[in-house]
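Chains as they are written, first to last, in this note's numbering: chain H, 1 to 215; chain U, 1 to 215.
Number of protein chains: 2
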Amino acid sequence: MSAPSRETTAPPTAPRLVAEPHKDGVDAAVAAARRVIAALLRAGDGTGADMNAIAARLDAVAAGLTEKAPAVEERLAEMWRGEGVTRHDPVTGPENALAPPLHLRGKEDGSVEGVVTLDLPYQGPPGHVHGGISALLLDHTLGVANHWGGPSGMTAELTLRYLRPTPLFEPLTVTGRQISVEGSRIRTAGEISAGGRTCVTVEGLFINKHLPRPS
Amino acid sequence: MSAPSRETTAPPTAPRLVAEPHKDGVDAAVAAARRVIAALLRAGDGTGADMNAIAARLDAVAAGLTEKAPAVEERLAEMWRGEGVTRHDPVTGPENALAPPLHLRGKEDGSVEGVVTLDLPYQGPPGHVHGGISALLLDHTLGVANHWGGPSGMTAELTLRYLRPTPLFEPLTVTGRQISVEGSRIRTAGEISAGGRTCVTVEGLFINKHLPRPS
Chain H
1 MSAPSRETTA PPTAPRLVAE PHKDGVDAAV AAARRVIAAL LRAGDGTGAD
51 MNAIAARLDA VAAGLTEKAP AVEERLAEMW RGEGVTRHDP VTGPENALAP
101 PLHLRGKEDG SVEGVVTLDL PYQGPPGHVH GGISALLLDH TLGVANHWGG
151 PSGMTAELTL RYLRPTPLFE PLTVTGRQIS VEGSRIRTAG EISAGGRTCV
201 TVEGLFINKH LPRPS
Chain U
1 MSAPSRETTA PPTAPRLVAE PHKDGVDAAV AAARRVIAAL LRAGDGTGAD
51 MNAIAARLDA VAAGLTEKAP AVEERLAEMW RGEGVTRHDP VTGPENALAP
101 PLHLRGKEDG SVEGVVTLDL PYQGPPGHVH GGISALLLDH TLGVANHWGG
151 PSGMTAELTL RYLRPTPLFE PLTVTGRQIS VEGSRIRTAG EISAGGRTCV
201 TVEGLFINKH LPRPS
């Protein structure tokens, strides 16, 4: 571990950490898609629902959207203008149905925090959150903490420690905080807790470089 | 690191590593839901599609499923009978629309391997896989490698190293292998590569205990 070269302080102006969800447009369709994902797992195969008919209805939606969609290169360029990743990432993005979503906010002490309750799509062990889902939430939270606390960059190393099982169906608090910056090396830490008890901790090393935005 | 207490050898009989997807039933509806998730990101808000109408169609599907779904406690007990997590986990599960899905197979050398191509829902940096998604795939792959190679357990620690950006839209090879077992401590390693070059490596410590299955 390198020694911190400066103290982290909260930035004077608030960068856009997480996109604001809209009440209509694609965000509304994505929110409904999340309800479909969870309902498929809640129902399973034993309900007598006509799953082939449901598949056909979902495929009709997908086909209609695909017909109108631009080429993927064009779409990528469009995505990375404006708010960029915050609208479509798989953790906080209102346009991404994989995202629970986690709503993170920047705090005056330089950290970021969000609360999320996860349902069956995020299950690993019985009734508990998949360890890889905790890693996904924490990697993203550290990235957002870097945007909030100082320079940001790409993940170089992550170390996760699982102290106790993380429950489904209960509010989880996810936090992240930039610890130190030395040259291009950024160290950031975070955790997931439930009911005031820490379930998973993470330490990350990030490198202050960014891939070019497609144009 | 503790020294390995025994060599890992391939088991004589093949346990069920990953569920076989079905051509119909809930698996077909989940496959269609995946196409909806990707199509929503491919389309975005600029296509002129009536997203509120799409939201209503998706919500009708979700409501129909939810109406028929059992209570969540009953559903959890049902999920964990039979094949258990392999049908509904967020990495390989044919009933989970979050799963790409990754199809892992056990190899004679004791390792497990799968190939997957990821689309926009799994994006982090422009055109590349989210670091947390790589962590999710690798954590799960290590768990499956433990099932294949010897005793399995719950994730206690994960260390991920990101060597180069992991591309979207290209076949990724995901591998895992149990390294050592000492008492209840299981060490397992894996990686994601693209075009023969390693993108992300992982080392994991697992503890040979399991949460009780709900009943």
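Glycine residues also receive a C-beta, built at the ideal position from the N, C-alpha and C atoms.
All values reported here derive from a predicted model rather than from experimental measurement.
Linking H:T201 to U:A49 through their CA atoms gives a straight-line distance of about 42 Å. Around H:L118, the same chain offers P100, V129, I133, L168, F169 and L172 as residues with beta carbons nearer than 8 Å, after the five sequence neighbours per side are excluded. Residues of the stretch 144–160 of chain U whose Cβ lies closer than 8 Å to any Cβ of chain H, in chain order: M154, T155, A156, E157, L158, T159 and L160. Proximity of the stretch 30–43 of chain U to the stretch 64–74 of chain H meets the contact definition, three or more beta-carbon pairs being nearer than 8 Å. Below the 9 Å Cβ cutoff, chain U contributes H130 and G132 as neighbours of H:V91, in chain order. In the three-state DSSP reduction, U:V91 falls in the coil class, being neither helix nor strand.
Sequence-distant Cβ neighbours of U:G190 in its own chain, meaning closer than 6 Å and more than five residues away, are L138, T141, L142, T175, G176 and V202. Per DSSP, U:S134 lies in no beta strand (DSSP E); the unbroken alpha helix (DSSP H) holding it starts and ends at G131 to G149. Under the DSSP assignment, H:V72 falls outside any beta strand (DSSP E), being part of the alpha helix (DSSP H) whose first and last residues are V72 to M79.
Interface criterion met: the Cβ of U:N96 is under 8 Å from a Cβ in chain H. Taking C-beta atoms as the reference points, H:I192 and H:T166 count as a pair closer than 8 Å. Listed by position along chain H, the residues whose Cβ is nearer than 7 Å to that of U:V36 are A33, L58, V61 and A62. Taking C-beta separations shorter than 8 Å and ignoring five residues to either side along the sequence, the partners of U:K209 in its chain run G153, M154 and S184, following chain order. For chain H, none of the residues of the stretch 172–201 of chain U brings a beta carbon within less than 8 Å of one of its beta carbons.
Taken atom to atom, the span from the alpha-carbon of H:D109 to that of U:T47 is near 41 Å. For H:R75, the C-beta contacts it makes with chain U under 7 Å involve R42 and G44, in order along the chain. Cβ-Cβ distances below 7 Å link U:P125 to P165 in the same chain, with the five nearest sequence neighbours on each side left out; the list follows chain order. Secondary structure at H:E67: helix, using DSSP grouped into helix, strand and coil.
Under a 10 Å Cβ-count criterion, H:V91 is classified as buried, with 16 or more other Cβ atoms of the shown protein chains found around its own Cβ. Sixteen is the threshold: since fewer than 16 other Cβ atoms of the shown chains lie within 10 Å of the Cβ of H:R81, the residue is exposed.
The Cβ atoms of U:R87 and U:E95 sit closer than 8 Å to each other.
The straight-line gap separating the alpha-carbon atoms of U:T188 and U:P21 is approximately 27 Å. Taking the beta carbon of U:R213 as reference, the chain H residues within 7 Å of it are P126, listed in sequence order. Judged by DSSP secondary structure, U:V36 falls within the alpha helix (DSSP H) whose first and last residues are V26 to A43.
Among the CB atoms of chain H, none fall inside 8 Å of the CB of U:K209. U:G114 is a Cβ neighbour of U:H103, given a cutoff of 8 Å.
Taking 8 Å as the CB threshold, H:A19 stays off the interface with chain U. A Cβ-Cβ separation of about 7 Å places U:A62 in contact with H:A32 under the 8 Å criterion.
Residue contact check for H:D24 against chain U: a CB pair falls below 8 Å.
Excluding five sequence positions before and after H:G127, the CB atoms of its chain that fall closer than 6 Å to its own CB belong to L168, given in chain order. Apart from sequence neighbours up to five positions away, the residues of its chain that approach H:A135 with a beta-carbon distance below 6 Å are L160, ordered along the chain. Beta-bridge annotation (DSSP): U:H103 is paired with U:V115. Straight-line measurement puts the Cα of U:V116 at about 16 Å from the Cα of U:V144. Taking a C-beta distance under 8 Å as the contact criterion, U:N146 and U:I186 qualify as a contact pair. At a C-beta separation below 9 Å, U:H88 has these neighbours in chain H: L41, G44, L120, P121 and Q123. DSSP lists H:G204 and U:L160 as the bridge partner or partners of H:L158.
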